[in-house]
Amino acid sequence: MTQIWGHRGARREAPENTVPAFRRALEIGVDGVEFDVQLTADGAMVVIHDETVDRTTDGHGPVVGFTLAQLRRLEATDGMDGFAGVGIPTLAEVLDVVAPAGVAINIELKNSVEAYHGLEERVLAAVEAYGIADRVVLSTFNHYSLKRLQELGAPSELGMLYTDPLYKPWRYAARLGVGAIHPPARFVMGRGYVRRAHAAGLAVRPWVVNGERKLARMIGWGVDAVFTDVPRLALEVRERLAPARA
Ligand code: G3P
Ligand code: CA
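Numbering (the numbering used here), first residue to last: -19 to 226.
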């Protein structure tokens, strides 16, 4: 059954990548959550998508230009009403919320623009500290970083993110030695993609799947999970399709 993973939490109902967004996703009943991790100037792991704080907070400048104490002074409301006082969380603050819930956890290392030296080691240490390796997926668009995670003996599944239309990506992913491919949904054009990836031993988790028809298609094609901004709707669509699948 296709799992429903909340992309940056439940970001249509609460500010993305914040504690309220993850709490909301869990209330809705997601099977998993996805979020992005970067490092501050003083090496703290924080959960934020963009490499700058400009879009989602009341601050300006690159994440890596702030110490954690400085980032803490920013409001991360992403322009949404009713969330005053919400800030950029640390990785630990997010894991404190999502780890006890038992859901799948996709930690995306946001290290394609800023290399964030040592991020892989730091993330692996956190995963070990929380004892969640078996339900964590570590993903990144930076395939050197995937290799680094392998070299470090990452015990969790690795997910290969990509943005350009790769030819037979399941072959490349299998050669990389990862366990999953995370393609933009527009590249998953039919059941054949999913079949071929599965035959290569890979899970398929497209992003970001928000429309009803697209959700129904992806679920019908048997993708392993969808990343979605609208997990409430995605769960409804999956429920509606359940008799058809049985
Ligand atoms: O991990 C899936 C998706 O989050 C990748 O794209 O830009 O939303 O981090 P982005
Ligand atoms: Ca992401």
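Every residue, glycine too, gets a C-beta built ideally from N, C-alpha and C.
Rounded C-alpha distance that separates residue i from residue j
i, j, result
"residue 193", "residue 199", "10 Å"
"residue 190", "residue 210", "6 Å"
"residue 88", "residue 207", "12 Å"
"residue 314", "residue 19", "Here the chain comprises residues numbered -19 to 226, so residue 314 is not present and cannot be evaluated."
"residue 27", "residue 51", "11 Å"
"residue 176", "residue 150", "7 Å"
"residue 62", "residue 152", "45 Å"
"residue 75", "residue 5", "14 Å"
"residue 30", "residue 188", "16 Å"
"residue 65", "residue -4", "14 Å"
"residue 221", "residue 214", "11 Å"
"residue 13", "residue 144", "24 Å"
"residue 7", "residue -18", "19 Å"
"residue 121", "residue 156", "13 Å"
Best match in the options for proximity to residue i [C-alpha to C-alpha]
i, options, result
"residue 71", "31, 37, 17 and 42", "17"
"residue 111", "98, 121, 80 and 170", "80"
"residue 85", "-16, 203, 8 and 171", "-16"
"residue 35", "106, 55 and 105", "55"
"residue 163", "142, 169, 47 and 201", "142"
"residue 165", "201, 157 and 133", "201"
"residue 133", "7, 113, -9 and -12", "113"
"residue 83", "116, 105, 68 and 109", "116"
Range covered by the beta strand (DSSP E) that runs through residue i
i, result
"residue 85", "84 to 89"
"residue 92", "Note, residue 92: premise wrong, no beta strand (DSSP E); not H, not E."
"residue -15", "-17 to -13"
"residue 99", "Note, residue 99: premise wrong, no beta strand (DSSP E); alpha helix (DSSP H) at 99 to 110."
7 Å Cβ cutoff met for residue i and residue j
i, j, result
"residue 2", "residue 77", "yes"
"residue 217", "residue 196", "yes"
"residue 119", "residue 139", "yes"
"residue 185", "residue 154", "no"
"residue 159", "residue 137", "yes"
"residue 44", "residue 21", "yes"
"residue 39", "residue 10", "no"
Coil, strand or helix - residue i by DSSP
i, result
"residue 15", "strand"
"residue 125", "helix"
"residue 60", "coil"
"residue 7", "helix"
"residue 139", "strand"
"residue 210", "coil"
"residue 0", "helix"
First through last residue of the alpha helix (DSSP H) which encompasses residue i
i, result
"residue 162", "No alpha helix (DSSP H) contains residue 162, which is instead part of the beta strand (DSSP E) from 160 to 162."
"residue 25", "Counting along the chain, residue 25 falls outside any alpha helix (DSSP H), though it belongs to the beta strand (DSSP E) covering 25 to 27."
"residue 118", "Note, residue 118: premise wrong, no alpha helix (DSSP H); beta strand (DSSP E) at 116 to 120."
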